[in-house]
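A.B. asks:
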Amino acid sequence: MAIVSIPEEHRTLTDEAEIRRHLADVGVCYERWEPAHALADDAPPEEILAAYAAEVERLKARGGYVTADVIDVGPQTPGLEEMLAKFKREHRHEEDEVRFVISGRGLFHLHPEGGPVTCVEVGPGDLLSVPRGMRHWFGLCADRRIRAIRLFQDAAGWAPHYTGSGAERDYQPVCLGPSYAPPRLGAA
Ligand SMILES: [Fe+2]
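Under the working numbering, the letters of the sequence shown match residues 1040 to 1227, in that order.
#1: Please list, following the chain, all residues that have a C-beta closer than 7 Å to any non-hydrogen atom of ligand 1.
#2: Do you know how far the Cα of Q1211 is from the Cα of W1176?
#3: Could you check the C-alpha separation between A1206 and H1061 for me, to the nearest Å?
#4: Whose C-alpha, out of E1133, R1128, W1197, is nearest the C-alpha of G1172?
#5: Just to confirm before moving on: does the CB-CB distance between H1200 and H1150 stay below 8 Å?
#6: Taking the alpha-carbon positions, what's the S1168 to A1077 distance?
#7: Which term fits S1044, buried or exposed, when burial requires 16 or more other beta carbons within 10 angstroms of its beta carbon?
#8: Measure the CB-CB distance between Y1069 and L1146 and report whether it falls below 8 Å.
#9: Rounded to the nearest angstrom, how far is the Cβ of F1191 from that of Y1104, given a contact under 8 Å?
#10: Roughly how many angstroms separate the alpha carbons of A1079 and L1052, rounded to a whole number?
#11: Going by the beta-carbon positions, is the gap between C1158 and P1046 smaller than 8 Å?
#12: Roughly how many whole angstroms lie between the Cα atoms of G1203 and R1128?
#13: Measuring alpha carbon to alpha carbon, tell me which of V1065, P1083, E1085 ends up nearest G1153.
#14: Just list the residues that DSSP pairs E1070 with in beta bridges.
#15: Name the residue from I1141, A1198, C1214, D1108 whose alpha carbon lies nearest to the alpha carbon of C1148.
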């Protein structure tokens, strides 16, 4: 389940309907895909795509996506920090960024024109579609792990166009979900 916060308004949303409504208002599609399909932790990409074939086909028909794949990264992934560095600065691209999270968590910051930044922490079962052209940035939570289905409108994929605004520097890339462990006061 996602957790949404709007730091400038000191608001946090945890109710699914409220989250969907807020994100729809800024042009971002959010869905929960339930019931989830049972998958082993080490299920290969083909098995994941086969399990979610019906949902993926429905999205393809709706959004004009032509390909789907699975991204699976963890702390042991070679070059992980270099890969993440590409996404943690504010950017936009020419096609939608569509992610359905199978496991792990991630943090999107969405920066709609004329509106405040909205942080969306996504976890298993969450589908988020950031529309083409919307300014945003992305990072992983502290456990540095995510496995997600991605959909693309162009089989060649896309490259980020950086805005150079530096907006990301004003926001803490901190997740609040299940992996968050608050510091223990007085702990040795
Ligand atoms: Fe992006």
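Cβ atoms here follow ideal geometry from the backbone N, Cα and C, with glycine treated the same way.
C.D. replies: Put simply:
#1: Spelled out in chain order, the answer is F1126, H1130, H1132, E1136, V1169, H1175, F1177, P1199.
#2: 12 Å
#3: 21 Å
#4: E1133
#5: no
#6: 23 Å
#7: buried
#8: no
#9: Rounded to whole angstroms, the Cβ separation of F1191 and Y1104 is 6 Å, and the two are in contact under 8 Å.
#10: 30 Å
#11: Yes, they are a contact pair.
#12: 8 Å
#13: Nearest of V1065, P1083, E1085 to G1153, Cα basis: V1065.
#14: DSSP output for E1070 lists L1166 as bridge partner(s).
#15: Per the sequence shown, the amino acid found at residue 1148 is His instead of Cys. The option with the nearest alpha carbon to H1148 is C1214.
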